[in-house]
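Visitor:
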Amino acid sequence: MPIIIPVITIDGTSSSGKGTVCNILSNELKWNFLDSGIIYRTLALAAIYKKINTKSENSLVSLIINLNVRFVFNKHIAKIFLDGKDITDKIRNENISILASKIATFKKVRHALLFLQRSFRKLPGLIADGRDMGTVVFPDASVKIFLDASLQIRTKRRMKQLQKKGLYINFEDLLKKIKERDLRDHNREFNPLIAAKNSLILDSSKMSIEEIIKVIKNYIKKKYNYYYI
Ligand code: DC
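In terms of the UniProt record's numbering, the sequence shown opens at residue 1 and continues consecutively.
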């Protein structure tokens, strides 16, 4: 019988807390961690570096085929190397967020990235963070979570994250950018951001990370009786 490697998917809107939750869970479980957003972000940055027309679906697919990307993990946090250069800090700005969201609307791009994303599914298990983890990339995942929070709260959280990196942006401008990205991620034709059937839907607006983790752990325990949590 083939071994089925368990997957827990955590999908949701940007800055809903997915990344932090995935990080804590993957550390506690000692499972692998896929942050699929960094794949779209890396592609966006690679397209800029290589002067690829980001409106051309076929050019982006050729770029994916030749993409020389490496993920080096330390305590489940990935450092990303593109053509041997560390680009980890370069993909976390709002211009890259927007471009990643734009190129993520292309069907062929999404399809071409499936193999890379699924290659993260290794023993003992995988925590997958994204927009379509539970619906498209790992539809057979044993536990599916969908995280959301109000636009105001998410903008505040994102501002704090950016400020920690020394990046300052006006609140209203940032809110507008996140709103636009939400609309594009929700409304795109292929693999839009929606909660997978049978997912646990959580609004993290008024919850601390500790509370979210507690609820998710209880859900995992109740649903599948995972002994390691
Ligand atoms: O999670 P993130 O903010 O790093 O993702 C950046 C963009 O990448 C997001 O706005 C849409 C796209 N994305 C996607 O379409 N599907 C995923 N599974 C992950 C990210």
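For each residue, glycine too, the CB sits at the ideal point set by N, CA and C.
#1: What would DSSP say about F138, mapped onto helix, strand or coil?
#2: Anyone know if the C-beta pair for K177 and E94 falls short of 7 Å?
#3: In the DSSP assignment, find the unbroken alpha helix (DSSP H) run with I98 in it and report its ends.
#4: Where does residue 236 sit, in a helix, a strand or coil, going by DSSP?
#5: Measure the alpha-carbon distance for residue 230 versus T105 and round it to whole angstroms.
#6: Please report how far the alpha carbon of F81 lies from the alpha carbon of S150, in whole angstroms.
#7: In angstroms, rounded to a whole number, what distance separates the CA positions of F120 and V109?
#8: Go to L63, then tell me how far its alpha helix (DSSP H) extends in each direction, as first and last residue.
#9: Does the beta-carbon distance from S204 to S16 come in below 7 Å?
#10: Mind checking G12: buried by the 16 CB within 10 Å criterion, or exposed?
#11: Could you check if S208 is buried or exposed, using at least 16 other CB atoms within 10 Å of its CB as the buried criterion?
#12: Cα separation between N170 and L162?
#13: Going by DSSP, what residues sit across from F73 in a beta bridge?
#14: Taking 7 Å as the limit between beta carbons, can you name the residues of its chain near L114, skipping five residues before and five after?
#15: Do the CB positions of A46 and L63 come within less than 7 Å of each other?
#16: Taking the alpha carbon of N27 as the reference point, which residue from L60, K75, I8 and I3 has its own alpha carbon closest?
#17: Quick one: does A46 have its CB under 7 Å from some CB of chain B?
#18: Exposed or buried, which one is R41 when buried takes at least 16 other CB atoms within 10 Å?
#19: Return the CA-CA distance between P6 and N191, expressed in angstroms with no decimal places.
#20: Suppose you measure from the CA of T20 to the CA of R157; what does that come to, to the nearest Å?
#21: Which whole-angstrom value is the C-beta distance of S36 and G125, which I expect to be below 8 Å?
#22: Report the three-state DSSP secondary structure of A128 (helix, strand or coil).
#23: Can you tell me whether DSSP reads D35 as helix, strand or coil?
Guide: Concretely, from the data shown:
#1: coil
#2: Contact: yes.
#3: Counting along the chain, the unbroken alpha helix (DSSP H) around I98 starts and ends at E94 to I103.
#4: This structure leaves residue 236 out entirely; the chain is present only between 1 and 229.
#5: Residue 230 lies beyond the residue range present for the chain, which begins at 1 and ends at 229; the question has no answer from this structure.
#6: 33 Å
#7: Cα to Cα, the separation comes out at about 18 Å.
#8: Looking at the DSSP string, the run of the alpha helix (DSSP H) that includes L63 is E57 to I65.
#9: yes
#10: buried
#11: Burial state of S208 is exposed, judged by a 10 Å Cβ sphere holding fewer than 16 other Cβ atoms.
#12: 11 Å
#13: A78
#14: V137
#15: The Cβ atoms of A46 and L63 lie closer than 7 Å to each other.
#16: K75
#17: Going by chain labels, chain B is absent from the structure shown, which holds only one protein chain.
#18: buried
#19: Separation of P6 and N191 (C-alpha to C-alpha, rounded to the nearest whole angstrom) is 22 Å.
#20: 12 Å
#21: Not a contact, Cβ separation roughly 16 Å.
#22: It is a strand residue.
#23: For D35, the three-state secondary structure derived from DSSP is strand.
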